[in-house]
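Chains as they are written, first to last, in my numbering: chain A, 1338 to 1687; chain B, 1338 to 1687.
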């Protein structure tokens, strides 16, 4: 039974506080925008598609108290909310995609009375949640054909229910494969520094009764050398027009190792993770986070004071290392530039 | 000023308790064999050459209280001590090398009175310490020529003073390069699960005023892709006759990534780390440690209960990924089988 990661709960956003997992399944109610902003910043809610949803619901929350009497006044409030949410995290494009979607809906409905407009925005956000649920399942239907009975799959970070409304991208493929009767074994790289693999993905997979084994990030290569991995499946935070992909730090590590060991490497992401305004990944802004995340665990220091720390939250996987990209529109294979354009123009025609 | 990691201190072994670093520089006095065995098992003392020294001093400590009146009785006690210490950790060959060296010295001197024999064994152990100090410096003299001014060097785990008597293998090269006036920047992979990189290597390098930056193990590939690493230098726990090398888990990860990014990858080890009885690494016993090391930090759980954990303490780097092996006899380059044999036969002739 999938778990609902983030939802609208009458005037507030209810989300799982993922920093409390795996110890406690605790919900956080965001009644104001600042609480949501902090929840995003501190990774209480994370995962590219979930950030897209958070952005949409955040707009609803943010303009909820707007006292604007006309669209001109409302637009000022809306822009403030969007600017504020934009400043939370830079890499996952879904957040900006969600904000832009809400901005456009407001613009198209600028002739409506403000209370009506607020209602329209709420409906749009709820539609985004429904879409996400359906997109993830669609992606899983396409992608599960890449999974064979008996496969041993390596993943990193969390691209599961906790990264989406309720089903997941990369893990969705695994859930679907299981529904189809395939037995799989999932190896989860713990994903330092914030341990989304060990804290979230193992928790989620265990809950779904999937055979799960945890490893440290420096052990993946050894597993591959021993031929104990058949394929790597990961999520994506932003995909450029040529297929270059930004995802959680450590993803490129696995992609390079998969290439080196001749293993297939798959990225899974809905259309909202594609940023076709970028030709390649060079322009994707990479979030660097506080070095404290590396040198402290549970507030306890694990390294000496006064040293430098390198802590990018994401890395770039160049398209040539990606065997295929699984989307809600189908599986995209190289040449990516051409095939991504094709799949998106098909989408536009529909 | 190098720090003394392990030494004989009149009837007891004094060693730095490395589990207390980087917070406290605390010494542990081992007055009995069980304390030493636990210190080895729990990694209070670790690093292949330091384990060789611990083995030799352990024999001295263990037979110290022997009430044997003749060699036959003494041999029984000695064998017990050696068997016991052999059971502490399986991968680093230096431990077994140290025990065998002591066994041989006892055998050669079996005609001596027992008190005299004990004295001879102590002197042998002290000689091993002196040799280690001199071997490491010799290795550094050979190896520092591989380091250029301005180099950005990546390392993993701790192959420094804390892994030897007082100078280090891989880090010894860096110390020597610095003494020669070369400026280097060292990137240290934290080395999960036990964080020897963040806890020990950054502490040691900072103490020696080397420019040091810490990263998580899943970030090394990203640094290489950005061309911010010039070479990788690591230690070794056991090297087979063909150059295949066992070292701390994560080493193979870096070796594969170095190959993928066309960067030189160097292993550093004294002759006591070579196990010429093994044609290749297939027979090197790999220590698997308690999964608790992965799922707990400071006694706090970071993963759900009831999941499987993969926790090998070492991995194998096949010889074809190693650019050169730096030893106290010189730098060995491929073909390793031939060149390792050559360098060791030279040693035997001397």
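Backbone N, C-alpha and C fix where the C-beta goes; we use that ideal spot for every residue, glycine too.
Selection from the options that minimises the alpha carbon distance to residue i
| i | options | result |
| --- | --- | --- |
| residue 1453/B | 1485/B, 1492/B, 1405/B | 1405/B |
| residue 1517/A | 1493/A, 1411/A, 1503/A, 1487/A | 1487/A |
| residue 1471/B | 1585/B, 1374/B, 1664/B | 1664/B |
| residue 1482/B | 1467/B, 1414/B, 1495/B, 1521/B | 1521/B |
| residue 1638/B | 1357/A, 1341/A, 1342/A | 1357/A |
| residue 1457/A | 1397/A, 1403/A, 1507/A, 1490/A | 1397/A |
| residue 1416/A | 1443/A, 1432/A, 1430/A, 1427/A | 1443/A |
| residue 1570/B | 1535/B, 1524/B, 1533/B | 1524/B |
| residue 1400/A | 1384/A, 1422/A, 1385/A | 1422/A |
| residue 1649/A | 1508/A, 1643/A, 1630/A | 1630/A |
| residue 1362/B | 1347/B, 1548/B, 1540/B, 1533/B | 1540/B |
| residue 1658/B | 1646/B, 1672/B, 1645/B | 1672/B |
| residue 1427/A | 1626/A, 1676/A, 1507/A, 1646/A | 1626/A |
| residue 1542/A | 1513/A, 1461/A, 1425/A, 1676/A | 1513/A |
| residue 1596/A | 1656/A, 1374/A, 1461/A, 1431/A | 1656/A |
| residue 1473/A | 1622/A, 1414/A, 1605/A | 1605/A |
| residue 1451/A | 1544/A, 1386/A, 1402/A | 1402/A |
| residue 1526/B | 1603/B, 1586/B, 1510/B | 1586/B |
| residue 1461/B | 1476/B, 1449/B, 1440/B, 1448/B | 1440/B |
| residue 1507/B | 1670/B, 1386/B, 1380/B | 1386/B |
| residue 1464/A | 1438/A, 1636/A, 1477/A | 1438/A |
Own chain residues within Cβ distance below 7 Å of residue i, not counting five before or after
| i | result |
| --- | --- |
| residue 1723/B | As displayed, chain B neither begins before 1338 nor continues past 1687, which places residue 1723/B out of reach and without an answer. |
| residue 1339/B | 1498, 1503, 1504 |
| residue 1613/A | 1578, 1681 |
| residue 1479/B | 1663, 1667, 1668 |
| residue 1446/A | 1454, 1457 |
| residue 1377/A | 1388, 1391, 1425, 1426 |
Close Cβ partners of residue i (< 6 Å) along its chain, the five nearest in sequence each way excluded
| i | result |
| --- | --- |
| residue 1435/A | 1389, 1392, 1393 |
| residue 1617/A | 1577, 1579, 1581 |
| residue 1352/A | 1343, 1365, 1382 |
| residue 1681/B | none |
| residue 1654/A | 1582, 1588, 1589, 1592 |
| residue 1601/A | 1568, 1660 |
| residue 1679/A | none |
| residue 1495/A | 1533, 1537, 1538 |
| residue 1611/A | 1576 |
Residue i, enclosing alpha helix (DSSP H) - first and last residue
| i | result |
| --- | --- |
| residue 1366/A | No alpha helix (DSSP H) contains residue 1366/A, which is instead part of the beta strand (DSSP E) from 1364–1367. |
| residue 1592/B | 1588–1597 |
| residue 1466/A | 1451–1480 |
| residue 1335/A | Shown here, chain A extends from 1338 to 1687; a query on residue 1335/A therefore has no answer. |
| residue 1431/A | 1430–1445 |
| residue 1630/A | 1629–1632 |
| residue 1542/B | 1539–1544 |
| residue 1557/B | 1557–1562 |
Beta bridge counterpart(s) of residue i as assigned by DSSP
| i | result |
| --- | --- |
| residue 1582/B | 1576/B, 1654/B |
| residue 1550/B | 1645/A, 1524/B |
| residue 1497/A | 1505/A |
| residue 1351/A | 1344/A, 1366/A |
| residue 1490/A | 1523/A, 1568/A |
| residue 1625/B | 1649/B |
| residue 1612/B | 1577/B |
| residue 1637/B | 1634/B |
Range covered by the beta strand (DSSP E) that runs through residue i
| i | result |
| --- | --- |
| residue 1604/A | 1602–1605 |
| residue 1410/B | No beta strand (DSSP E) holds residue 1410/B; the alpha helix (DSSP H) holding it covers 1408–1423. |
| residue 1667/B | 1667–1669 |
| residue 1568/A | 1568–1571 |
| residue 1663/A | 1661–1664 |
Closer than 7 Å: residue i CB and nearest the ligand COA heavy atom
| i | result |
| --- | --- |
| residue 1432/A | In terms of ligand content, the structure shown is empty, and the ligand COA therefore cannot be addressed. |
Within-8 Å CB hit, residue i to chain E
| i | result |
| --- | --- |
| residue 1478/B | Absent from the structure: chain E. Protein chains present are A and B. |
Close Cβ partners of residue i (< 8 Å) along its chain, the five nearest in sequence each way excluded
| i | result |
| --- | --- |
| residue 1485/A | 1519, 1567 |
| residue 1644/A | 1632 |
| residue 1490/A | 1484, 1511, 1521, 1522, 1523, 1524, 1566, 1567, 1568, 1569, 1570 |
When Cβ atoms are compared, which residues of the stretch 1589–1618 of chain A fall closer than 9 Å to chain B? 1589, 1590, 1591, 1592, 1593, 1594, 1596, 1597, 1598
Residues from the stretch 1561–1578 of chain A in contact with chain B, defined by Cβ distance under 7 Å: 1562
Identify each residue in the stretch 1338–1361 of chain A for which the Cβ-Cβ distance to at least one residue of chain B is less than 8 Å, and report them in chain order. 1359, 1360
Quick one, which residues of the stretch 1377–1398 of chain B are near chain A if we go by CB-CB under 7 Å, in chain order? For the stretch 1377–1398 of chain B, which is checked against every Cβ of chain A, not one residue is closer than 7 Å.
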